[in-house]
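Heads up, the thing below is written out as structure tokens.
In the working numbering, the protein residues as written are -8 to 131.
This is the structure:
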């Protein structure tokens, strides 16, 4: 077997877990103040940032676990697109100038996960929730 065949799916799982942890830290910082980020002090839970924090907390946790990966990643992709257009685009078109490069990167990586799934190291795979995009006709 080629190394990409063996390691590709495993690295997909690692990517999902790391992205989930990155997103989870934003949710924790916004909603619970840990880690402490000055920008998120006195944040109201029902503000735009607070609601984004709820998506990040729940979505990040589900991504780390690999549970409902495809729909969660699709929703988070939309959240990151909204974050870019609402928070960053008004300052400049270019992500390098408006500090929106993380939002753009996360948006498209989450979109990739929405199609690729959570990989073999996920609860989706364990529970057989994850289905291929194309039916397996070899078993017919």
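Yeah, the Cβ is synthetic: ideal placement off N, Cα and C, and Gly gets one too.
Predicted model, so just to flag it, every value in this text is computed and none were measured.
Item                                                                                                                                          : Value
Option nearest residue 184 by Cα separation, candidates 77, 92, 63 and 112                                                                    : Outside the displayed span of the chain (-8 to 131) sits residue 184, for which this structure offers no information.
Nearest-angstrom beta carbon gap, residue 68 and residue 19 [assumed within contact, 8 angstroms]                                             : Actually they are not in contact, since the Cβ atoms of residue 19 and residue 68 sit about 21 angstroms apart, beyond 8 angstroms.
Close-in-space but distant-in-sequence residues of the same chain around residue 92 (CB under 6 angstroms, 5 per side omitted)                : 86
Endpoints, alpha helix (DSSP H) assigned at residue 119                                                                                       : First-last for residue 119: undefined, no H or E at that position.
Contacts around residue -8, its chain only, beta-carbon distance under 6 angstroms, and the 5 residues preceding and following it disregarded : none
C-beta atoms of residue 50 and residue 66 nearer than 8 angstroms                                                                             : yes
Cβ-Cβ separation, residue 15 to residue 55 (assumed contact under 8 angstroms), whole Å                                                       : 7 angstroms
Entirely enclosed beta strand (DSSP E) segments - the stretch 12 to 50, minimum 3 residues                                                    : none
Beta-carbon proximity list for residue 12, same chain, < 8 angstroms, skipping 5 on both sides                                                : 51 and 55
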